[in-house]
Amino acid sequence: MTSIQQNLELITSQIAQAEQKCGRAQGDVQLLAVSKTKPIEAILEACDAGQRLFGENYVQEGVSKVDHFNEQHADLDIEWHFIGPIQSNKTRPVAERFDWVHTVDRAKIAQRLNDQRPETMPPLQVLIQINTSGELSKSGIDSEQVFELAQLISSLPNLTLRGVMSIPENVSNYESQLRAFQELAQVKAQLAARYPTVDTLSMGMSGDMTAAIEAGSTIVRIGTAIFGARDYSNRA
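Take 1 as the starting number for the sequence shown in UniProt numbering and just add one per residue.
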């Protein structure tokens, strides 16, 4: 068994324990393996262990991986999630290749993704990124702006609004983590009351996964704990 396989088994077990502890059904929470900067071989090892959801942060790198797997390993039926910031001049390759986008935070990006989504593909599954911490270094919109953007997304035929995503402030205190996640969960609940397709909360990483699951996360994004430390030396 490879280290990646062992890591996936450990994290899957931790997710199941967190689900049980807070009274959620087993399997409520999906594991998104964040494979940015990682080689094809590492993704294949994760696939061998049964992982099928992968997240990429950088457009050029992510597109290269999606194309490789579509051409060489189409039988694996991977679900690709784009989880990085999107510049308006990079929306086309994202719209043409990914299954999900977690980081829609303005109308222009939503409109371009819709317009550039091929008609031969299913609608792009979309999450609105919310900046719950107010940190200028992080992408996302204020909670108050979510509903206007959600109304636009719900009207676009090539997009499906599925929920919200956030990267809260990095704090080690469990109660502080939980409060931030509960704030996001409230926004998701308000959206779900208006839009029947809303069912997804993308929140929680290695250091705050348990609090995220208690607050209602349905997708946790884990990278280093699966694949090991990232190597950014080859990035421009």
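For each residue, glycine too, the CB sits at the ideal point set by N, CA and C. Quick caveat: nothing in here was measured; it's all calculated off a predicted structure.
Member of the options whose CA lies at the smallest distance from the CA of residue i
i: glutamine 30; options: Thr37, Lys36, Gln14 and Ile43; result: Gln14
i: leucine 127; options: Asn7, Gln17 and Val101; result: Val101
i: isoleucine 130; options: Arg179, Phe147 and Ser166; result: Ser166
i: alanine 212; options: Val164, Ala180 and Gly228; result: Ala180
i: proline 196; options: Met203, Lys188 and Ser202; result: Lys188
i: aspartate 105; options: Arg24, Lys36, Glu144 and Phe54; result: Glu144
i: histidine 81; options: Phe98, Lys90, Phe69 and Thr91; result: Phe98
i: valine 171; options: Ile153, Gly204, Ser88 and Asp28; result: Gly204
i: leucine 152; options: Ser176, Gln177, Leu191 and Thr224; result: Leu191
i: threonine 200; options: Ala18, Leu44, Thr2 and Asp28; result: Asp28
i: serine 3; options: Ala42, Ala95 and Gln87; result: Ala42
i: proline 122; options: Lys65, Thr12 and Leu156; result: Leu156
i: tyrosine 174; options: Thr210, Ile141, Glu183 and Cys22; result: Thr210
i: valine 164; options: Glu96, Leu178 and Ile141; result: Ile141
i: aspartate 208; options: Leu44, Asp67 and Ala18; result: Ala18
i: arginine 162; options: Pro168, Ser176 and Val146; result: Val146
i: valine 198; options: Ser154, Glu183, Glu169 and Ser88; result: Ser154
i: histidine 73; options: Gly228, Ser176, Leu44 and Gly55; result: Leu44
i: asparagine 70; options: Gln116, Ser88, Glu96 and Ala46; result: Glu96
Beta-carbon gap between residue i and residue j smaller than 7 Å
i: residue 240; j: leucine 124; result: Because the chain here runs from 1 to 236, residue 240 falls outside it and cannot be looked at.
i: asparagine 57; j: isoleucine 40; result: no
i: alanine 185; j: alanine 215; result: yes
i: serine 202; j: isoleucine 222; result: no
i: alanine 33; j: isoleucine 226; result: yes
i: aspartate 231; j: threonine 103; result: no
i: valine 63; j: proline 85; result: no
i: glutamine 10; j: alanine 49; result: Sequence inspection shows leucine at residue 10; the glutamine mentioned does not correspond to that position. Cβ atoms of leucine 10 and alanine 49: not closer than 7 Å.
i: valine 59; j: lysine 90; result: yes
Residues that residue i bridges to, as DSSP identifies them
i: valine 101; result: Phe82 and Val126
i: glycine 163; result: Leu127 and Thr200
i: arginine 221; result: Leu32
i: isoleucine 141; result: Ile130
Residue i beta carbon near the ligand HEM (any heavy atom closer than 6 Å)
i: glutamine 72; result: This structure lacks the ligand HEM, and indeed carries no ligand of any kind.
| task | Output the residue ranges of the beta strand (DSSP E) runs that lie fully inside the stretch 174-215 and measure 3 residues or longer, sorted by chain position. | result | 200-202
| query | Using 8 Å as the Cβ pair cut-off and three pairs as the minimum, do the stretch 68-77 and the stretch 108-122 touch? | reply | no
| said: Threshold first: 4 residues or longer. Then list the alpha helix (DSSP H) segments lying entirely within the stretch 25-80, N to C. | reply: 40-48 and 59-72
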